[in-house]
Every structure is written in C-alpha cells, then in structure tokens.
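Okay, structure first, notes after.
Below is the structure:
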C-alpha cells in the first residue's frame, strides 16, 4: 500500500511536469493539492450526511494538519524533482540511490501525516461514515489512477 501511494505521488508529479512547459512549483502544487483535498473530503462527508458538529470537527482536523501537510508535500515534490533531474541527466547509481533514499524519507513523512489526518477524520465521523466518504473519494478519483478498460 505504501509503495502504491508513493508511486501515485510520483506519477502525479511526473504528470504535472510532463504537461507543464517547466517544472511545477512545489509550494504552489502543495497548496492546490491540499486545498483541493480538503474540499473534496468535506464534500464527500456532506454526501454521507455527517452532522454539522462532525463537519466542524473535521474542518478543525483538516485546518490543524494543513500547514505541515503543505510543507511536507512540497518537500516530497522537491525530492521527486531532484531525483528525476539526476535520473535524466546521467548521474551514477550512488547518487541516484542517495536521492531515492532522501525522497523515500520525505514521502514517508507526508504519507504518515496525511494518514494520521485520515485516521482522526475517521474517528471524528465514525467508521461507517468514513468508509462511505472514502468510497466516494475513491470513485471520484479512480479515473485518474486506474487504467481504462
């Protein structure tokens, strides 16, 4: 699961880089990614008919995690960019492996932070409501991460 999440993060970064005339700014990417994620989560929770109190609690959790998630997401993207630049510019295996280890470390941190946030959100709305929220988000985003049939 962790490898899949890392791969998705890397693919997102690569997709953005491939579509852009230049590398995306990690700070702007992180802001947009986290803000969009917050809104998607809240919208999905509303679709699960969580109470206003639960939504208020969820907003508080999202707001509390937002600064560290943005900072860590930007750091992970910078590490991804450094690795991809080294890979595409012919660096040796020792350099590539060191950059990969650096990338893994910062990606582990952002995944840990976001995972903790999701766990707190699940606790705030209850397991059934969170399961529905998660399923709704998976359905919404599966077209970006699952191959077409």
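In my numbering, the protein residues as written are 1226 to 1374.
Glycine included, every Cβ here is placed at the ideal spot set by N, Cα and C.
Owing to the predicted nature of the structure, the values given are computational and were not obtained by experimental measurement.
| query | result |
| --- | --- |
| Is it buried or exposed for residue 1299, if we count other Cβ within 10 angstroms and need 16 for buried? | buried |
| Would you kindly check if the distance between the Cβ of residue 1304 and the Cβ of residue 1333 is under 8 Å? | no |
| Taking residue 1352 as the reference, which of 1273, 1321, 1311 and 1278 has the closest Cα? | 1273 |
| For the alpha helix (DSSP H) containing residue 1303, name the first residue and the last one. | 1277–1313 |
| Tell me, to the nearest whole angstrom, how far the beta carbon of residue 1358 is from that of residue 1269; I am working on the premise that it is less than 8 Å. | 4 Å |
| Does the beta-carbon distance from residue 1265 to residue 1362 come in below 8 Å? | yes |
| According to the neighbour-count rule (16 or more other Cβ atoms, all chains shown, within 10 Å of its Cβ), is residue 1271 buried or exposed? | exposed |
| Between the C-alpha atoms of residue 1293 and residue 1313, what's the straight-line distance to the nearest angstrom? | 30 Å |
| Under the rule that 16 or more other beta-carbon atoms within 10 Å means buried, what is residue 1319, buried or exposed? | exposed |
| Count the other CB atoms within 10 Å of the CB of residue 1458; is the residue buried (16 or more) or exposed (fewer)? | The structure shown does not extend to residue 1458, since the chain spans only 1226 to 1374, so no value can be given for it. |
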